[in-house]
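Please read the structure below before turning to the comments.
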Amino acid sequence: MPFADILGHDRIVDILRRSICTGKTAHAYIFEGIPGCGRRKTAVALIQALYCRESQDDACGVCSSCRKVSSGNHGDIHLVEPLPDKRDISIAQLRELQRELALRPYEAPRKACILEPAERMNVSSANSFLKTLEEPPGNAIIIMLTENADMLLPTIRSRCQLLRFSPLSEECVRKLLENNGVESSVAAFAAQMAEGSMIKAVIMDNEALSERKALLCQHLEQLDMRRIASVFDAAESLSGNRDETLEILDIMLSMVRDAVITTSGCKSPQNRMPKGIGALPLEKIIQISEEILNTRRAVQRNANAKLALDNLLMRIAAIAN
Ligand SMILES: [Zn+2]
Numbered sequence: 659m660p661f662a663d664i665l666g667h668d669r670i671v672d673i674l675r676r677s678i679c680t681g682k683t684a685h686a687y688i689f690e691g692i693p694g695c696g697r698r699k700t701a702v703a704l705i706q707a708l709y710c711r712e713s714q715d716d717a718c719g720v721c722s723s724c725r726k727v728s729s730g731n732h733g734d735i736h737l738v739e740p741l742p743d744k745r746d747i748s749i750a751q752l753r754e755l756q757r758e759l760a761l762r763p764y765e766a767p768r769k770a771c772i773l774e775p776a777e778r779m780n781v782s783s784a785n786s787f788l789k790t791l792e793e794p795p796g797n798a799i800i801i802m803l804t805e806n807a808d809m810l811l812p813t814i815r816s817r818c819q820l821l822r823f824s825p826l827s828e829e830c831v832r833k834l835l836e837n838n839g840v841e842s843s844v845a846a847f848a849a850q851m852a853e854g855s856m857i858k859a860v861i862m863d864n865e866a867l868s869e870r871k872a873l874l875c876q877h878l879e880q881l882d883m884r885r886i887a888s889v890f891d892a893a894e895s896l897s898g899n900r901d902e903t904l905e906i907l908d909i910m911l912s913m914v915r916d917a918v919i920t921t922s923g924c925k926s927p928q929n930r931m932p933k934g935i936g937a938l939p940l941e942k943i944i945q946i947s948e949e950i951l952n953t954r955r956a957v958q959r960n961a962n963a964k965l966a967l968d969n970l971l972m973r974i975a976a977i978a979n
C-alpha cells in the first residue's frame with residue numbers, strides 16, 4: 659500500500675516522504691499507537707517506497723517489487739513477533755534476525771524488519787538487540803511497533819526515531835470501512851464504536867453485533883418499572899462475560915449519544931433508536947448516558963455484570979417512565 663493510500667496520518671507520512679527524498683531515513687523507527695490505527699500499514703508503505711525503483715518518494719504500487727511487498731512475499735522483509743503461545747520475543751529470535759539482516763539482500767537495496775509488539779522484548783532480548791539497532795548491518799531498516807514507547811528501555815528509545823500515531827478519526831474509520839465494501843450505515847455505526855482502531859471497527863462490523871443491537875433495542879423498548887420482571891429479563895438476556903457486557907454498554911452509549919444529537923436537532927440518527935428513549939427530553943437522555951457510563955466504569959472494575967445491568971436497567975426504566 660503506497661503512502662498515498664494511508665488515511666489519517668498526513669503529518670507522519672509527510673515526514674517519511676521527505677526523509678526518503680533527502681535520503682535521510684532513520685535506520686530504526688518506533689511507531690507508537692493503538693493496534694489498528696495504521697502503524698503496520700505505514701511501516702509497509704515506508705519499506706515499499708524505499709524498495710520501489712519506479713518513483714521517488716512513494717511506491718508506484720504496480721512494479722514487481724511493490725507487488726511482492728504488498729502481498730507479503732518479499733524475501734528481504736522480516737517480521738518478528740512472539741512465537742505462538744509465547745509471551746515474549748526471545749533472544750533466539752533476535753539472534754536469528756541479526757543473522758538474516760547481516761546477509762546480502764536478495765533483490766531489494768536493503769533488508770527491512772518489522773518488530774511487533776516491541777514492548778514484548780524482555781530486558782535481556784532488548785539488550786542483545788542494542789548493537790543491531792545502533793548500526794543495523796548492511797544499512798537495514800528496523801521498524802518497531804508499540805502501543806507505548808515508554809514501555810521500551812530508554813537505551814532502545816534513544817537509538818530510534820519515535821513517531822506517534824494518533825487513533826484514527828471516526829471519519830477515517832468510516833471511510834476505510836466503506837472503501838472495503840462495508841455498507842455505509844454499518845460503517846458509520848462501527849466507526850462510532852471503534853475508538854480509532856480499524857481492528858475494533860472490523861470486530862464491530864459483524865452480524866452478531868447487529869443481532870445484539872436489535873435485541874438491545876427490543877429490551878429497552880419493553881422496559882417498564884411496573885413490570886419489574888421486564889427489567890430482570892432484559893439484564894439476564896443482555897449480560898454476558900465482562901467483555902460482552904462492556905460491548906452492550908458501548909452499544910447503549912452509542913444509541914444514547916445518537917439520541918442526544920437528534921434531540922438537540924443536530925442531525926438525523928444513525929442507529930435505530932429504542933422508541934421510548936428517543937422521545938425523552940434532553941436532560942433525561944443525558945441522565946441515562948451518565949448512568950451507562952457509571953455502569954461501564956463499574957464493570958471495567960470487575961463489578962458483577964448481571965447485577966450491574968439489573969441496576970442500570972432499573973434506573974433507565976425509572977428515568978424513562
Ligand atoms: Zn513500485
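In this text, residue positions in the sequence shown follow this note's numbering: the first is 659, and each later residue adds one. Cβ coordinates follow ideal geometry from the N, Cα and C atoms, glycine included.
Listed by position along the chain, the residues with Cβ atoms less than 6 Å from a non-hydrogen atom of ligand 1 are C710, E712, A717, C718, C721, S723 and C724. Per DSSP, reduced to three states, the secondary structure at T680 is coil, with no helix or strand assignment. The C-alpha of L755 is placed about 15 Å away from the C-alpha of H732. Boundaries of the beta strand (DSSP E) around F689: A686 to E690.
Taking C-beta atoms as the reference points, I678 and D715 count as a pair closer than 8 Å. Annotation: E894 to L971 spans about 11 Å, alpha carbon to alpha carbon. P812 counts as exposed, since fewer than 16 other C-beta atoms from the protein chains shown sit within 10 angstroms of its C-beta.
Here R822 is exposed. Its C-beta has fewer than 16 other C-beta atoms within 10 Å. Here the stretch 776-795 does not lie against the stretch 719-729, with fewer than 3 beta-carbon pairs under 8 Å apart. Residue pairing by DSSP places H736 opposite C771 in a beta bridge. Per the coordinates, the alpha-carbon of L741 lies some 7 Å from the alpha-carbon of I747. Beta-bridge analysis with DSSP links I946 to no other residue. The Cβ-Cβ distance between H877 and I800 does not fall below 8 Å.
Between L874 and I909, the C-beta gap is smaller than 8 Å, which places the two residues in contact. For Q850, the uninterrupted alpha helix (DSSP H) segment begins and ends at S842 to M851. The C-alpha of E869 is placed about 15 Å away from the C-alpha of E879. Contact between the stretch 692-706 and the stretch 802-811 is established, with three or more Cβ pairs separated by less than 8 Å. Beyond the five residues adjoining it in sequence on each side, A766 comes within less than 6 Å, by CB distance, of Y709 and D734 in the same chain, given in chain order. Restricted to the stretch 866-927, the alpha helix (DSSP H) segments that are unbroken, complete and at least 4 residues in length are 886-896 and 900-921, listed in chain order.
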